[in-house]
Structures are given as C-alpha cells and as structure tokens.
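Following numbering that gives the first Met the number 0, the numbering of the sequence shown begins with 0 at its first residue and continues without gaps. The structure appears right after this line, and notes come after that.
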Amino acid sequence: MLWNDDYLHQIEGDFGDKTAQLVAQSHQTAIDTLEQTITSEGIDCGWKRVDGYLFPASGDQKDFDHLDKEMSAYIRAGLTDVKKVSLDGSPGVGGIKEALKFPGCGQFQPLAYLQGLAKAVEKHGGRIHENTRVMSTEKTEVKTKDGKIVGTPNVVLATSSPLHHNLAIHSRQHPYRTYAVGLKISQDGWQEGLYWDTAEPFHHVRAAKDEDAGLVLIVGGEDHNTGIKPSEYEDKYAKLEQWARSRWSSTQERMFAWSAEVYRPIDSLHLLGEDPVIPQGGGAKCYVATGDSRQGDRLLRLAAQACCAAVARAPVLC
C-alpha cells in the first residue's frame with residue numbers, strides 16, 4: 000500500500016505541502032524499487048501489483064469526508080491516479096460501495112522475499128551472520144554477546160527499536176500491539192485487492208494462498224498501546240473475526256492467528272538516518288531505521304536508500 004497507517008492529509012496539515020509530497024513520492028518510489036529488486040534478483044516471492052482501496056468504516060458523513068480529504072492531499076502531492084470509485088457492494092469486496100482507489104500497490108510473501116534477498120546479498124559479496132546477538136555499539140565497534148568485537152566504519156541499527164541507553168529515539172515513538180487472523184475463504188467469495196478502512200484503530204485485509212488451507216483471508220487491526228490499560232484488553236482475534244465475517248460472508252474456519260509489536264512515530268514520519276545518540280566522530284557513523292508503523296516492506300527500501308546515500312555522502316533519491 001502507499002500510506003495506510005497515518006493519513007497524508009494529516010501529514011500535510013502538520014508539515015505542509017512539500018513534506019506531504021515527499022512522503023507520498025518516497026513511498027511510491029519504495030514500491031517501485033522493491034519490484035525492481037525482486038525482478039533483477041529473480042526472487043520468487045509471489046510479487047504482484049494489485050489495487051488498494053480505502054473505504055469508509057461506517058455510513059457517517061465524517062468517514063466519507065475523510066476519503067475526500069485524503070484524495071485531495073494525494074492529488075496535491077502529484078499522485079493524480081488516486082480516485083474515488085464505486086464498487087458493486089458484493090460479498091467479494093466486503094460489501095463496499097464507495098472507496099478511494101490506489102492503483103499499482105503490491106503484495107508478496109515476506110519470508111520468501113527475505114530468503115531471496117539474503118541470497119542476493121551473499122551473491123554480491125555480502126556476509127550474513129545469523130545467531131549473533133549484538134549487545135552494544137560505540138563509534139567504530141560492535142560488541143556481541145559472546146564478547147567478540149567487530150570493527151566497522153558504519154553501523155545501521157535496523158532492529159525495530161534501536162539499542163539505546165537513553166530516550167532520544169524511544170521518546171519519539173509509541174509501541175503498539177497489532178493482531179491478525181487468517182480465515183479460509185472460497186475463491187469466488189473474494190475480489191483481489193488490498194482493503195483498509197477509516198476506523199480507529201483501522202482494519203486491513205488481503206488474501207494469500209496457503210499450500211494446505213487454500214485461499215486465506217488475512218485480516219489485521221485492533222491495535223492498541225502496549226501495556227496501557229490492560230484491564231480493557233479484549234479478545235482481539237474474536238473481534239477481528241467477527242468484523243471480517245460481517246463483510247466477507249463466505250469466510251470459513253479460522254486457520255491462523257498471530258500478534259506483533261510495532262512502533263509508531265509520534266509525528267507519523269519514519270525515523271531514518273544518522274543516530275542522534277551514539278557520538279559521531281573520526282569518520283565513524285551510526286544510523287537508525289525505526290518507526291515502521293507496520294509498513295516494514297517500504298521502510299526497508301526507504302531505510303536502505305536513505306542510509307546508503309548518507310554513507311556515500313550522496314543525495315537521497317527517494
């Protein structure tokens with residue numbers, strides 16, 4: 000998807016037209032670059048271009064106004080192919096009749112992509128050391144759990160939440176818990192696409208094929224701040240399943256359920272670039288890549304481009 004966790008019109012209101020334009024274009028570039036990598040490296044991960052649909056969570060006018068604001072923001076940002084469309088309201092599209100369409104989004108199997116990417120790294124001369132836990136980083140040294148010290152002129156902390164001894168990064172993002180369920184669904188009960196609504200917290204839906212289960216509807220959402228008001232936590236899986244069945248009526252038994260920790264930056268912008276904590280000097284540099292806000296597929300491309308450009312002292316091209 001282009002921008003599904005925080006809304007572009009809100010970013011435009013907070014930071015202005017120019018920043019909103021850069022955000023929209025950088026995410027589009029990330030999708031294009033991801034596709035180029037998959038194609039050039041021959042990574043078999045089921046990559047395909049699909050359309051995305053942002054739809055109103057209810058019949059309230061505020062939800063429809065939300066679509067209008069978002070469409071206008073994307074048009075001002077230069078992505079003029081984002082348009083309001085009418086859908087047929089059938090069970091295959093979750094009963095949706097009106098939505099904002101984002102052409103040219105993409106989906107793939109992330110583990111297959113990661114495995115293919117690892118092979119590409121090694122093919123091009125890189126080395127990957129698994130089961131090597133890093134305990135600290137200081138200037139030109141990376142210290143591992145078993146006492147080894149690795150010398151390097153540049154370090155990138157791409158650890159979801161960086162290894163730090165103070166709050167310079169942690170205070171700029173919130174930890175959230177997110178949930179997902181996989182429900183078996185018939186092929187004729189699903190119209191291909193990526194779907195997400197305007198609810199708070201929002202729901203997002205896609206489908207994937209499983210060797211054993213067949214076509215599986217993957218439904219995510221019901222996010223909440225980690226560790227805050229735990230007495231109010233409910234059965235999030237049951238809520239997701241109930242919501243999914245209310246829209247995609249041909250869903251069958253639940254096949255999978257899982258949860259994950261995500262980090263949302265307080266200003267909706269990813270935290271990428273030079274580390275503000277670890278002292279810089281002597282030519283040594285440390286960089287961070289965090290605040291993915293559940294958009295790790297694009298964050299990895301944005302972070303790679305931003306950090307590589309910084310290391311090479313070159314302009315960022317995303």
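We treat Cβ as the ideally placed atom computed from N, Cα and C, and that holds for glycine.
Alpha carbon to alpha carbon, how far is residue j from residue i? Give it in angstroms, no decimals.
{"i": "S25", "j": "V261", "result": "21 Å"}
{"i": "R263", "j": "E191", "result": "28 Å"}
{"i": "Y236", "j": "A256", "result": "7 Å"}
{"i": "T18", "j": "Y73", "result": "12 Å"}
{"i": "G150", "j": "T136", "result": "10 Å"}
{"i": "C317", "j": "L21", "result": "Residue placement at C317 cannot be trusted, given a pLDDT of 49 that sits under 50; what the coordinates show is reported in the next sentence. Answer to the nearest angstrom: the Cα atoms are 8 Å apart."}
{"i": "H169", "j": "G125", "result": "30 Å"}
{"i": "V228", "j": "T38", "result": "Checking the sequence shown, residue 228 turns out to be Lys, not Val. Whole-angstrom Cα-Cα distance: 46 Å."}
{"i": "T143", "j": "K122", "result": "25 Å"}
{"i": "G12", "j": "I127", "result": "42 Å"}
{"i": "H173", "j": "N224", "result": "7 Å"}
{"i": "K47", "j": "A206", "result": "12 Å"}
{"i": "V84", "j": "E40", "result": "36 Å"}
{"i": "H202", "j": "E210", "result": "25 Å"}
{"i": "A56", "j": "D64", "result": "12 Å"}
{"i": "V287", "j": "K68", "result": "32 Å"}
What is the DSSP secondary structure of residue i, reduced to helix, strand or coil?
{"i": "E97", "result": "strand"}
{"i": "E40", "result": "helix"}
{"i": "Q114", "result": "helix"}
{"i": "F14", "result": "helix"}
{"i": "A182", "result": "The question names Ala, but residue 182 in the sequence shown is Leu. Note: L182 maps to strand in three-state DSSP."}
{"i": "K144", "result": "coil"}
{"i": "T197", "result": "coil"}
Does the beta-carbon distance from residue i to residue j come in below 8 Å?
{"i": "G188", "j": "W247", "result": "yes"}
{"i": "D80", "j": "P102", "result": "yes"}
{"i": "R52", "j": "L193", "result": "It should be pointed out that residue 52 corresponds to Tyr in this sequence rather than to Arg. For Y52 and L193, yes; Cβs fall inside 8 Å."}
{"i": "L66", "j": "L99", "result": "yes"}
{"i": "K82", "j": "G88", "result": "no"}
{"i": "F54", "j": "D196", "result": "yes"}
{"i": "T177", "j": "S258", "result": "yes"}
{"i": "Q251", "j": "I148", "result": "no"}
{"i": "G45", "j": "A117", "result": "no"}
Measuring alpha carbon to alpha carbon, tell me which residue in the options is nearest residue i.
{"i": "A179", "options": "A198, M254, S230", "result": "M254"}
{"i": "P275", "options": "A259, L156, D234", "result": "L156"}
{"i": "W242", "options": "A167, L116, A198", "result": "A198"}
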